[in-house]
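Residue 112 is where the sequence shown starts when you use our numbering, and the numbers rise one by one after that. Virtual Cβ for every residue (Gly too), placed ideally from N, Cα, C.
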Amino acid sequence: MTIILQYIIISIVFVGENMINVIGFFSILVLLVFVAVFAVIIVFIVRGVMQWGKNNNSPVITVNAVMVTKRMNVSHHNHAEYYLSSTTYYATFEVESGNRMEFVVQAQEYGMLVERDNGRLTFQGTRYLGFERFSC
112 MTIILQYIII
122 SIVFVGENMI
132 NVIGFFSILV
142 LLVFVAVFAV
152 IIVFIVRGVM
162 QWGKNNNSPV
172 ITVNAVMVTK
182 RMNVSHHNHA
192 EYYLSSTTYY
202 ATFEVESGNR
212 MEFVVQAQEY
222 GMLVERDNGR
232 LTFQGTRYLG
242 FERFSC
């Protein structure tokens with residue numbers, strides 16, 4: 112009887128210790144995932160602020176350019192209670208040197224741009240400021 116009782120007590124203690132180890136492992140895993148997600152968010156924020164500062168310190172440049180092409184990127188987000196989509200608009204310009212530059216533009220500006228239009232492109236760093244078409 113005492114041997115059986117000792118076996119039961121040892122089994123409970125052994126299983127309990129393993130259970131604590133499993134709970135400890137998952138706690139550490141959850142913490143690591145949280146830290147990783149937080150780090151990625153911080154990296155994106157820092158990169159955005161750095162790009163914003165770099166654009167602000169860049170000169171405003173106006174050059175002759177041709178509007179070469181435009182495109183849009185639609186992102187879909189499904190949530191339990193609602194559906195969300197967002198659209199980012201891009202325009203690519205070719206300057207006189209032959210270099211091409213792609214900028215994010217607003218929806219209204221995107222609708223007004225026509226491929227092969229010639230005009231004056233104004234930008235600051237990676238920030239699009241406007242495109243003024245030459246009169247025909």
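Are three or more beta carbon pairs between the region 167-182 and the region 221-234 nearer than 8 Å?
Touching, yes.
Among Ile152, Ile139, Val206, which one has its Cα closest to the Cα of Thr180?
Position 69 of the sequence shown, counted from the first residue, corresponds to residue 180. It is Val206.
Below 8 Å, how does it come out for the region 217-227 and the region 190-209: are there three or more Cβ pairs, yes or no?
Yes, since at least three Cβ pairs between the region 217-227 and the region 190-209 fall closer than 8 Å, the two stretches touch.
Just the C-alpha distance for His190 and Ser197, rounded to the nearest angstrom, thanks.
If you number the sequence shown from 1, residue 190 lands on position 79. If you number the sequence shown from 1, residue 197 lands on position 86. Their Cα atoms are separated by approximately 14 Å.
Quick test of your reading: Val225 and Met178, contact by CB under 8 Å. State the CB separation rounded to the nearest angstrom.
Here residue 225 refers to the residue found at position 114 when the sequence shown is read from its first residue. Here residue 178 refers to the residue found at position 67 when the sequence shown is read from its first residue. The Cβ separation is near 7 Å, so the contact holds.
Specify, as a first and last residue, the run of the beta strand (DSSP E) that Glu220 falls within.
Against the sequence shown, residue 220 aligns to sequence position 109. Run containing Glu220: none in the beta strand (DSSP E); it sits in the alpha helix (DSSP H), 218-223.
Which residue spans inside the region 130-188 form an unbroken alpha helix (DSSP H) run of at least 4?
Counting only runs of 4 or more, we get nothing.
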